[in-house]
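Here is the structure we will look at, set down as structure tokens.
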Amino acid sequence: MPIPADPAFDSTLSFLREGYDYIGNRCRRLGSDIFTARLMLRPVTCIAGEDAARHFYDGEHFTRVGAMPPTTVRLLQDKGSVQALDGAAHRARKAMFLAMMDDAAIHAAGDMFDRQWDRALRRWREAGAITFHDEAVRLCTATACEWIGLSLGRASLDKRAEEQAAMVAGAGSVGPNLARGLWLRRRSERWARRVIHALRDGRLAADSQTPIARLATFRDANGALLDRKTAGVELLNLLRPTVAVARFLTFAGLALHEHPAAAQWLGDARDPARVHAFAQEVRRYYPFFPVIGGRVRKPFTWRGHDFGDGDWVLLGLHATNHDPRLWDRPERFDPARRPESLDDGFRLVPQGAGDHAADHRCPGEWLTLELMRRAIVRLRALGAAVPPQDLTVPLDRFPTLPRSGLRLRMPAGDG
Ligand code: HEM
33 MPIPADPAFD STLSFLREGY DYIGNRCRRL GSDIFTARLM LRPVTCIAGE DAARHFYDGE
93 HFTRVGAMPP TTVRLLQDKG SVQALDGAAH RARKAMFLAM MDDAAIHAAG DMFDRQWDRA
153 LRRWREAGAI TFHDEAVRLC TATACEWIGL SLGRASLDKR AEEQAAMVAG AGSVGPNLAR
213 GLWLRRRSER WARRVIHALR DGRLAADSQT PIARLATFRD ANGALLDRKT AGVELLNLLR
273 PTVAVARFLT FAGLALHEHP AAAQWLGDAR DPARVHAFAQ EVRRYYPFFP VIGGRVRKPF
333 TWRGHDFGDG DWVLLGLHAT NHDPRLWDRP ERFDPARRPE SLDDGFRLVP QGAGDHAADH
393 RCPGEWLTLE LMRRAIVRLR ALGAAVPPQD LTVPLDRFPT LPRSGLRLRM PAGDG
């Protein structure tokens, strides 16, 4: 039986206009978790939901090569990165990333974040008011560099923060945001290559357990060190997404403000299980990456549809996180649903799905959650006020943010 099709000749404009909701809207309208469409004049199959995620992330049927617009790839993972690898080469490189993420390392990153927050707090109080997303970018950059094993001065940290934030902001854009992202990416790559070079020739020292030391000494499946360019790309693949966590921290702050019942449920954030559930619901509810693209590398059939070699497929991440078959009243922010307790690895998919080691699921999930939990506790204790501002979250910007960046007024006195 043929699967439903988006009737438009080309849906690029609808995709840009409806943004995060494009796939979910079509799935509801067509009564199907699979449909075909044409985007950028290319035929594509869009899929969403738990079963779709299970097929997309089954470790063997898809490659990421040629699956996203070249500028998005360039600003996010880039050529030569772990995301561009398949099979044994992917598993070997991915194991390096996963080795960085043991419990002790994640906890240490959380402690680093807390210390950065304490330092920033003095400045915030003097200023009286802050734009939280800007501050979160600085906190995440400083934490990421320390965790990676790099000791940078303020000026270098500011440059790194500017570069990483511009890459993330430019990834789904055209025009000036894209041009700025590409320009600052080149600057950041030059810096990253210099760091790798300095480490390898001994001008820079790092403990052997730090992510930067692991990366500089990692040998690929063929036994060779990564060339300097590739190692630099992977250094940015640690730094940039950790800086992007600032967006989830901002959404956590927004959730505390715009969902008072949920904030009340969280209370004074002393119950770690509730803090964790709150962080998970932020990751489920708020929009980050709308889709992930793949191309079929091993043909298969699903829902009676033949997925042929090279076919382009988009898995709706946001659509799956809001799938009414999986989530009761998905448009309600409700941390009491404890999203992770319902998850089998294929329902809550803001950072991909399935087995981290065998497929492309994000190795940074534990770090992301740790920084979110720390920030939620701190935001709760901050007692800042949210003055009137434009907090709307446009759904046609990828990735998106509240328009104002979440301005906060520090409490009078000690706060
Ligand atoms: C992969 C999202 C944080 C490093 C991914 C994927 C998604 C994602 C959706 C899967 C891509 C695919 O299936 O092809 C996010 C979001 C984050 C985040 C929304 C929070 C802001 C992090 C952090 C790190 C990281 C903190 C590292 C410290 C990576 C890497 C990959 C990846 C290296 C490629 C994995 C592979 O190809 O096997 N991320 N990520 N991410 N992420 Fe994250």
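With the sequence shown counted from 1, adding 32 to any position gets you our numbering.
Just so you know, even glycine gets a beta-carbon here, dropped at the ideal spot from N, CA and C.
Predicted, not measured: the structure shown is a model, and the values here were computed from it.
Own chain, CB closer than 8 Å to residue i, minus 5 neighbours either side, in chain order
{"i": "residue 389", "result": "123, 126, 127 and 130"}
{"i": "residue 410", "result": "146 and 149"}
{"i": "residue 152", "result": "167, 170 and 171"}
{"i": "residue 319", "result": "51, 52, 350, 425, 427, 431 and 432"}
{"i": "residue 358", "result": "81, 82, 352, 374 and 379"}
Cβ-heavy atom distance, residue i to the ligand HEM, below 7 Å
{"i": "residue 384", "result": "yes"}
{"i": "residue 270", "result": "yes"}
{"i": "residue 115", "result": "yes"}
{"i": "residue 324", "result": "yes"}
{"i": "residue 312", "result": "no"}
{"i": "residue 395", "result": "yes"}
{"i": "residue 308", "result": "no"}
{"i": "residue 283", "result": "no"}
{"i": "residue 276", "result": "yes"}
{"i": "residue 126", "result": "yes"}
{"i": "residue 392", "result": "yes"}
{"i": "residue 130", "result": "no"}
{"i": "residue 273", "result": "yes"}
{"i": "residue 219", "result": "no"}
{"i": "residue 430", "result": "no"}
{"i": "residue 164", "result": "no"}
{"i": "residue 86", "result": "no"}
{"i": "residue 462", "result": "This structure cannot speak to residue 462, because the chain is shown only from 33 to 447."}
{"i": "residue 24", "result": "This structure cannot settle anything about residue 24, because the visible part of the chain is limited to 33 through 447."}
{"i": "residue 321", "result": "yes"}
{"i": "residue 139", "result": "no"}
{"i": "residue 41", "result": "no"}
{"i": "residue 349", "result": "yes"}
{"i": "residue 192", "result": "no"}
{"i": "residue 16", "result": "The requested residue 16 is not part of the displayed model; the chain covers only 33 to 447."}
Coarse secondary structure for residue i, derived from DSSP in three states
{"i": "residue 59", "result": "helix"}
{"i": "residue 77", "result": "strand"}
{"i": "residue 425", "result": "coil"}
{"i": "residue 40", "result": "coil"}
{"i": "residue 443", "result": "coil"}
{"i": "residue 70", "result": "strand"}
{"i": "residue 88", "result": "helix"}
{"i": "residue 101", "result": "coil"}
{"i": "residue 161", "result": "strand"}
{"i": "residue 400", "result": "helix"}
{"i": "residue 51", "result": "helix"}
{"i": "residue 145", "result": "helix"}
{"i": "residue 386", "result": "coil"}
{"i": "residue 131", "result": "helix"}
{"i": "residue 175", "result": "helix"}
{"i": "residue 417", "result": "strand"}
Anticipated Cβ contact below 8 Å, residue i with residue j, distance rounded
{"i": "residue 351", "j": "residue 89", "result": "At roughly 15 Å, the Cβ-Cβ gap does not stay under 8 Å, so residue 351 and residue 89 are not in contact."}
{"i": "residue 70", "j": "residue 344", "result": "Residue 70 to residue 344, Cβ: 10 Å. No contact."}
{"i": "residue 20", "j": "residue 280", "result": "The question about residue 20 has no answer, for the chain in this structure spans 33 to 447."}
{"i": "residue 396", "j": "residue 273", "result": "5 Å"}
{"i": "residue 408", "j": "residue 307", "result": "5 Å"}
Contact test: residue i Cβ vs the ligand SAM heavy atom, cutoff 7 Å
{"i": "residue 400", "result": "Among the ligands modelled here, namely the ligand HEM, the ligand SAM does not occur."}
Neighbourhood of residue i by C-beta, 7 Å cutoff - its chain only, sequence neighbours within 5 removed
{"i": "residue 53", "result": "427"}
{"i": "residue 278", "result": "165, 168, 169 and 172"}
{"i": "residue 238", "result": "181, 231, 244 and 245"}
{"i": "residue 100", "result": "325"}
{"i": "residue 285", "result": "164, 411 and 438"}
Contact set for residue i: own chain, Cβ-Cβ below 6 Å, skip 5 residues either direction
{"i": "residue 316", "result": "353, 371 and 380"}
{"i": "residue 321", "result": "349"}
{"i": "residue 228", "result": "248, 260, 263 and 264"}
{"i": "residue 294", "result": "365 and 367"}
{"i": "residue 62", "result": "36"}
{"i": "residue 98", "result": "327"}
{"i": "residue 383", "result": "394 and 397"}
{"i": "residue 403", "result": "145 and 277"}
(message) What ranges does the alpha helix (DSSP H) occupy inside the region 228-301, keeping only unbroken runs of at least 4 residues that lie completely in it?
(response) 243-249, 260-290 and 292-298
(request) Any chance you could list the alpha helix (DSSP H) runs of at least 4 consecutive residues sitting entirely within the region 293-378, in chain order? (result) 304-317 and 349-353
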